[in-house]
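Undergrad: Pasting a structure here, questions to come.
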Amino acid sequence: MDNMVNVYLFGKKYSVPAGLTIMTAMEYAGYELVRGCGCRNGFCGACATIYRIKGQQQLNACLACQTEVQEGMYVATLPFFPLVKQVYNIENIKPTEQIMMQLYPEIYACIGCNACTKACTQELNVMQYIAYAQRGEYEKCAEESFDCVMCGVCSSRCPAGISHPQVAMLARRLNGKYLAPECGHLKDRVKEINDGTFEELIESLMQKPIDEIKELYNTREIEK
Amino acid sequence: MYKIEKLNELAKKVAEKRAANADLEPRRMTAEEKDTLLAAFHPDYKQDEFTVLSAGVNKGEKVPSQLAELLQGKSRISADDVDLSAPDYETDVLIIGGGGAGASAAIEADEAGVKAMIVTKLRIGDANTMMAEGGIQAADKPNDSPAIHYIDAFGGGHFAAKPELVKNLVTKAPEAILWLNKLGVEFDKEPDGTMVTTHGGGTSRKRMHAAKDYSGAEIMRTLRDEVLNRGIPVIDFTAAIEIILDENGKAAGAVLMNMETKELLVARAKTVIIATGGAGRLHYQGFPTSNHYGATADGLILGYRVGAGLLYADTLQYHPTGTGYPEQIFGALVTEKVRSLGAKLVNIDGEVFMHPLETRDVTAASIIRECSERGKGVETPLGKAVWLDTPMIEYKHGEGTIEKRIPAMMRMFGKYGIDIRKEPILVYPTLHYQNGGLNISVDCSTDVENLYAAGEVAGGIHGRNRLMGNSLLDVIVFGRDAGKNAAAKAKDMPVPEKLTLAHIEKFNNELAEAGVAGDTVSPMLLPHYARK
C-alpha cells in the first residue's frame, strides 16, 4: 500500500496509513481503546501521549487525537497521571496569596526549568502561569491557563512535583467567583423571575393555540 | 495552506468576494421554504433509515435503525449472574453518567444532605458537555425575557416540545448562570460585569453566554472540581448495564460492570438518575460525529428495558458545521459561534447561499442541498463540503478577534497547517445531538417510579430541534432539578427490599414473541473502531 508509515506503539512496530492520528493509528493496529480515549476532539485531555522520533533526542508530548503519525514515531500513551488535587470549600476561601501557600505550597519549589511549558500539549506558557499563581495574580493565571485540558503531561515532567492543572483550576475558580466583575443584569433578572414577573406571560404562551404561537414565532423581531 | 493545491485555488475565490459578501444581509427563509427544504434534504426525513419498534413501550414507533437494534438487543447478563442480596455499593441517589447533568445532579443531591454516588464508564467529565464550544443561553439582558426565550426555543423545536419543560428551561436559565458563576465558572464579560453575548441560530436576542470557545469545558471542569471537593464518590471506568427494580417495579439500583476487568457489581439505591448523554457514536446514516467516544445511547437502552418510554427518539440533530476537511478532524465540531461572530457560509463559486444563523436543522439541510441537488459543493477526498469564511470575522471585527474568541478552533485547524484567520475552512453536517430521549415530566421523573433522567438522554425539552446553547443550559437546569427531586424522594423512603432483575427475561420473551430476538448485545458501551 502507498503512503504507509512505521510507528512503534509501546515499542512494537506497526505499519499504518499516513494521515492517521496517533489515536486512529492505534485503532488501525487493532487496539480497542478503553483508557486514553475521550472526546477525540482535543478538549478532554484523556489521550496525553509522549513520543520520540527515531534517531532524535527531543521528547515530545501531544494529544493522541490531535496529532498526525510520523515515520519512526515511538509512542507511549499516558492515560492517567497521579495529579494532586487538594480539597477546599469554594465558599470559605479567599483569593489571597495565602490560599495557594496553604493548598499548593510546592509551587514555590519551582526551579524554573520550564520543562512544563515545553511539554504542554496545548502550547501554553505553563511556567508563567505558575509564576502568576505564586504571586497571587489569579486573574493572570486564569487567563494564561485558560485553554488547559488537564492532561497532566506538564506534571509528569516537573522535578518539583507540582500539579500544574490543579493549581490553575483553583486560580480560575477564584477568578470566576471572586475577582471577575459581578454581573448586575444577571442578578436583577434572577430577582425578577423569583418575584414572578414573567409567570403570567409564559403561562399565557403555554395556553395559546398552536397557530397563534406559530404566528408569534414567524413574525418575531430579531435583534440585529 | 491546504495540502491540496486545488483547495487553495478555490479558497482564493472566497477571498475575492469577501468584502462584498461581508456587507450582505441574506434574507431569512419563510416558514414554507424551511418546511420544503427539511422534507427534501434533512436526514430525519429519510424513511428507509428508520425501523419501527416491535417490542417495548414505544412499540409501533420508528427510531433510527441502529438504535432499534440496540433497544431490541439482549442484555449483557442474565438475572443469575449477580447476587442482588449483597450489594457492593449502597447509596441514596445513584447517578449514572459523569457529564454536566450527572455532576450537577450529584452536587444538588449532596447539597440536600443525602448520599449521592456517580458511576461512569469512562472518567468524570468525559462527556459531550466537555466538548460544547459555543455557549449557554439565558435571557438575562434588559431587551430580553424568559418569554422571548420560550418562543425561540419552542418555535425552533417545531412547536413539538412539552411546554412545561420549555418553561422550566427558560425561567431557570439566569439562575443556572448565576449558580455556575458562584461556583467559579468564568464567563466572557465586559469590564463592568456585563455579559458578552451573541446570537445563535434561531435566537431573536443575543443571549449566548460563553467562556471563549471552551464554554462546556470551563463548566465541566468546574463542576468536576466541585464534585471532588464535596467528596462525592465517583466510580470511574464502571458502566451501568442494567437497572435493578424492586418487587413493586420501582427503580432500586443498577448492575455495574468494570470496563477493564469486566467484574460485575451491584449498586443499591433509593432513587436512580440516568444521565448518560447522547448517541453520536452510533453514526446514524453513516454520518461522522462531533460526539464523545462514549456517546452510545446506553441510557435509552437501560431505561427502555425496564419500561421507561421514549419521546422523539426519531429526531437527531446534524450540526451544520462539522469539519469537512482535513481527515484527522473529519466530523469534529466547528462551533456555531464562528457564525455568531460573523462568518458566512459560501459555496464553490464564492456565493453566500443562505443566512448563516437559521436553526441548525435548516442550515444542515441547506448545506446538504448545496452539495447535492445544486452541485455547488467543494470536492475533497472525504466528500463534498462548503466553505465557512472564517477570515470574514477579522475583516469585520479586527485582527486578534479569532485568537481571543475562538482559540480552540484556531488551534484545531492550525495543527494541520490551516490558519483560520487567513483561510476559509471546509464544513459539512455532522451527527451532533439526540433531540429526543427518555420521556420525562417536569420533575425529571420517567415512566418508572424512582427512575429519573436528565441531560441529553432526556426528551421533550427541545421538541424536534434544539437551539445552540440550550443544551449546556438543559444539562445544568435539569441536572440540578433531577438531583434535588431524586434526593427529596430518597429522604422519605426506606432502603428498597427484594431487588430483582426479572425484567430481563420478561423483555427477552417479548422480543421472542415479536420475532425480533437477535444476537446484538446492549447497551453498547463503546463503539467498535479497532480494525479487525
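Protein chains in written order, with numbering that gives the first Met the number 0: chain Y, 0 to 223; chain U, 0 to 531.
Think of the CB as a built atom: it goes at the ideal place given N, C-alpha and C, for glycine as much as any other residue.
1) Using 8 Å as the threshold, is the C-beta distance between U/Ala547 and U/Met256 below it?
2) State the Cα-Cα distance for the pair U/Asp151 and U/Glu89, rounded to the nearest angstrom.
3) Counting only Cβ-Cβ distances shorter than 9 Å, please list the residues of the segment 85-119 of chain U near chain Y, keeping chain order.
4) Return the bridge partner residues of U/Trp386 from the DSSP annotation.
5) Please check the pair U/Leu466 and U/Gly201, which I expect to be a contact at CB under 8 Å, by giving their CB distance rounded to whole angstroms.
6) What does DSSP give as the partner residue(s) for U/Val271 in the beta ladder?
7) If Y/Gln65 and U/Lys414 are in contact, beta carbons under 8 Å, what's the gap, nearest whole angstrom?
8) Keeping to the same chain, check which residues put their C-beta closer than 8 Å to that of U/Lys188; ignore five residues upstream and five downstream.
9) Establish whether the CB of Y/Thr48 and some CB of chain U are separated by less than 8 Å.
10) Consider the Cβ of Y/Gly183: report whether some Cβ of chain U lies at a distance smaller than 8 Å.
11) Which partner residues does U/Asn142 have in the DSSP bridge list?
12) Assuming Y/Cys140 is part of the alpha helix (DSSP H), what are its boundary residues?
13) Quick one: list the residues of chain U neighbouring Y/Thr20, beta-carbon separation under 7 Å, in chain order.
14) Taking U/Arg75 as the reference, which of U/Ala513, U/Ile503, U/Ala407, U/Asp442 has the closest Cα?
15) Mind checking which residues open and close the beta strand (DSSP E) that includes Y/Lys11?
16) Assuming Y/Ile89 and U/Leu179 form a contact by the criterion Cβ under 8 Å, report the distance between their Cβ atoms to the nearest whole angstrom.
17) Using C-beta distances below 7 Å, list every residue in its chain close to U/Arg220, excluding the 5 sequence neighbours before and after it, in chain order.
18) Are the beta-carbon atoms belonging to U/Thr519 and U/Glu241 less than 8 Å from one another?
19) Is there at least one Cβ from chain U nearer than 8 Å to Y/Arg39's Cβ?
20) Anything in chain U within Cβ reach of Y/Phe80, meaning under 8 Å, just list it in chain order.
21) Please list, in chain order, all residues of the same chain as U/Glu357 whose beta carbon is under 8 Å from its beta carbon, the five residues on each side excluded.
22) Round the Cβ separation of U/Glu455 and U/Tyr427 to the nearest angstrom and send it over; I've been treating them as touching at under 8 Å.
23) Out of U/Ala108, U/Phe352, U/Leu340, U/Val361, which one is the CA nearest neighbour of U/Leu315?
24) Whose C-beta lies closer than 8 Å to the C-beta of U/Gly399 among residues of the same chain, with five residues either side of it excluded?
25) Here's the rule I'm using: 16 or more other beta-carbon atoms within 10 Å means buried, otherwise exposed. How should Y/Phe9 be labelled?
26) Measuring straight from C-alpha to C-alpha, what distance separates Y/Ala132 and Y/Cys140?
27) Give the residues of chain U in contact with Y/Gln133, contact being defined as C-beta atoms less than 8 Å apart.
28) Going by C-alpha to C-alpha distance, which of U/Val515, U/Ala312, U/Lys114 sits closest to U/Val226?
29) In chain Y, which residues lie with their C-beta within 8 Å of the C-beta of U/Ser203?
30) Are the beta-carbon atoms belonging to Y/Val33 and U/Leu525 less than 8 Å from one another?
31) Does U/Ile150 have its Cβ less than 8 Å from a Cβ in chain Y?
32) Hey, U/Gly161 and U/Gly435 are a contact pair by Cβ (cut 8 Å); roughly how many whole angstroms apart?
33) Under 8 Å, Cβ to Cβ, is there at least one residue of chain Y near U/Ile564?
34) So that I know if they touch, is there some Cβ in chain A lying closer than 8 Å to that of Y/Asp194?
35) Please name the residue in U/Glu448, U/Met207, U/Asp79, U/Lys16 whose C-alpha comes closest to that of U/Ile135.
36) Where do the ends of the alpha helix (DSSP H) carrying U/Lys211 lie?
TA: So, from the data block:
1) Residue 547 of chain U is absent from the structure shown; chain U starts at 0 and stops at 531.
2) For the purposes of this step, residue 151 of chain U is taken as residue 152 along the second sequence, with counting starting at 1. For the purposes of this step, residue 89 of chain U is taken as residue 90 along the second sequence, with counting starting at 1. If you take the alpha carbons of U/Asp151 and U/Glu89, they lie about 43 Å apart.
3) Residues: none.
4) What you label residue 386 of chain U is simply residue 387 of the second sequence in a count that begins at 1. Answer is U/Val345, U/Leu425.
5) Taking the second sequence and counting its residues from 1, the one referred to as residue 466 of chain U is at position 467. Taking the second sequence and counting its residues from 1, the one referred to as residue 201 of chain U is at position 202. Contact check for U/Leu466 and U/Gly201: beta-carbon distance about 5 Å, within the 8 Å limit, so the pair qualifies.
6) Against the second sequence, residue 271 of chain U aligns to sequence position 272. DSSP, once it has assigned bridges, lists U/Leu93, U/Leu450 as partnering U/Val271.
7) To locate residue 65 of chain Y, count along the first sequence from 1; it is residue 66. To locate residue 414 of chain U, count along the second sequence from 1; it is residue 415. The pair is a contact, with the Cβ atoms about 6 Å apart (cut-off 8 Å).
8) Looking up residue 188 of chain U in the second sequence gives position 189. For U/Lys188, where only same-chain residues beyond five positions count, the Cβ hits under 8 Å are Met194, Val195.
9) Within the first sequence, residue 48 of chain Y is the residue found at index 49, counting from 1. Taking Cβ atoms only, chain U never reaches closer than 8 Å to Y/Thr48, which makes this a no.
10) Translated into positions along the first sequence, residue 183 of chain Y becomes position 184. By this cut-off, Y/Gly183 is an interface position.
11) Taking the second sequence and counting its residues from 1, the one referred to as residue 142 of chain U is at position 143. U/Asn142 pairs with nothing; no bridge assigned.
12) Start at 1 with the first residue of the first sequence, and residue 140 of chain Y comes out as number 141. Judged by DSSP secondary structure, Y/Cys140 falls within the alpha helix (DSSP H) whose first and last residues are 137-144.
13) Translated into the one-based positions of the first sequence, residue 20 of chain Y becomes position 21. Near Y/Thr20 (Cβ distances below 7 Å), the residues of chain U are Gln327.
14) Reading the second sequence from its first residue, position 76 is the one you call residue 75 of chain U. From the listed residues U/Ala513, U/Ile503, U/Ala407, U/Asp442, the smallest Cα separation to U/Arg75 is found for U/Ile503.
15) Indexing the first sequence from 1 puts residue 11 of chain Y at position 12. Note, Y/Lys11: beta strand (DSSP E), 11-16.
16) As a position in the first sequence, residue 89 of chain Y is number 90, starting the count at 1. As a position in the second sequence, residue 179 of chain U is number 180, starting the count at 1. About 12 Å; that fails the 8 Å criterion.
17) Reading the second sequence from its first residue, position 221 is the one you call residue 220 of chain U. Closer than 7 Å at Cβ, skipping near neighbours: Gly124.
18) Residue mapping note: residue 519 of chain U aligns to position 520 of the second sequence, counting from 1. Residue mapping note: residue 241 of chain U aligns to position 242 of the second sequence, counting from 1. It is not a contact, given that the beta carbons lie outside the stated cut-off.
19) Reading the first sequence from its first residue, position 40 is the one you call residue 39 of chain Y. The Cβ of Y/Arg39 sits closer than 8 Å to at least one Cβ of chain U.
20) Your numbering for residue 80 of chain Y matches position 81 in the first sequence. Within chain U, not a single residue places a beta-carbon under 8 Å from that of Y/Phe80; the smallest gap is close to 12 Å.
21) Translated into the one-based positions of the second sequence, residue 357 of chain U becomes position 358. Contacts found: Arg27, Met28, Lys33, Gly200, Gly201, Ser365.
22) Taking the second sequence and counting its residues from 1, the one referred to as residue 455 of chain U is at position 456. Taking the second sequence and counting its residues from 1, the one referred to as residue 427 of chain U is at position 428. The beta-carbon distance between U/Glu455 and U/Tyr427, rounded to whole angstroms, is 22 Å. This is too long to meet the 8 Å contact definition.
23) Counted from its first residue, the second sequence places residue 315 of chain U at position 316. Of the candidates U/Ala108, U/Phe352, U/Leu340, U/Val361, U/Val361 places its Cα closest to the Cα of U/Leu315.
24) Here residue 399 of chain U corresponds to residue number 400 of the second sequence, with the count starting at 1. Cβ within range, chain order: Glu393.
25) Locating residue 9 of chain Y in the first sequence gives position 10, where the first residue counts as 1. With fewer than 16 other Cβ atoms from the protein chains shown falling within 10 Å of its own Cβ, Y/Phe9 counts as exposed.
26) Looking up residue 132 of chain Y in the first sequence gives position 133. Looking up residue 140 of chain Y in the first sequence gives position 141. For the pair Y/Ala132 and Y/Cys140, the Cα-to-Cα distance works out to about 6 Å.
27) Position 134 of the first sequence, counting from 1, holds the residue named residue 133 of chain Y. What Y/Gln133 touches in chain U: nothing, since even the nearest Cβ is about 20 Å away.
28) The sequence position of residue 226 of chain U within the second sequence is 227, counting from 1. Taking only the C-alpha atoms, the option nearest U/Val226 is U/Lys114.
29) Here residue 203 of chain U refers to the residue found at position 204 of the second sequence. For U/Ser203, the chain Y residues whose Cβ falls inside 8 Å of its Cβ are Arg219, Glu220, Ile221, Glu222, in order along the chain.
30) Taking the first residue of the first sequence as position 1, residue 33 of chain Y is located at position 34. Taking the first residue of the second sequence as position 1, residue 525 of chain U is located at position 526. Taking 8 Å as the Cβ cut-off, Y/Val33 and U/Leu525 qualify as a contacting pair.
31) Your numbering for residue 150 of chain U matches position 151 in the second sequence. Taking Cβ atoms only, chain Y reaches closer than 8 Å to U/Ile150, which makes this a yes.
32) Walking along the second sequence from the start, residue 161 of chain U turns up at place 162. Walking along the second sequence from the start, residue 435 of chain U turns up at place 436. Residue 161 of chain U is actually Lys in this sequence, not Gly. U/Lys161 to U/Gly435, Cβ: 11 Å. No contact.
33) With chain U covering 0 to 531 only, the question about residue 564 of chain U has no answer from this structure.
34) You won't find chain A in this structure, because its protein chains are Y and U.
35) Reading the second sequence from its first residue, position 136 is the one you call residue 135 of chain U. Looking at the Cα atoms, U/Met207 is the closest of the given residues.
36) As a first step, residue 211 of chain U must be located in the second sequence, where it is residue number 212. Careful: U/Lys211 lies outside any alpha helix (DSSP H) and carries neither H nor E.
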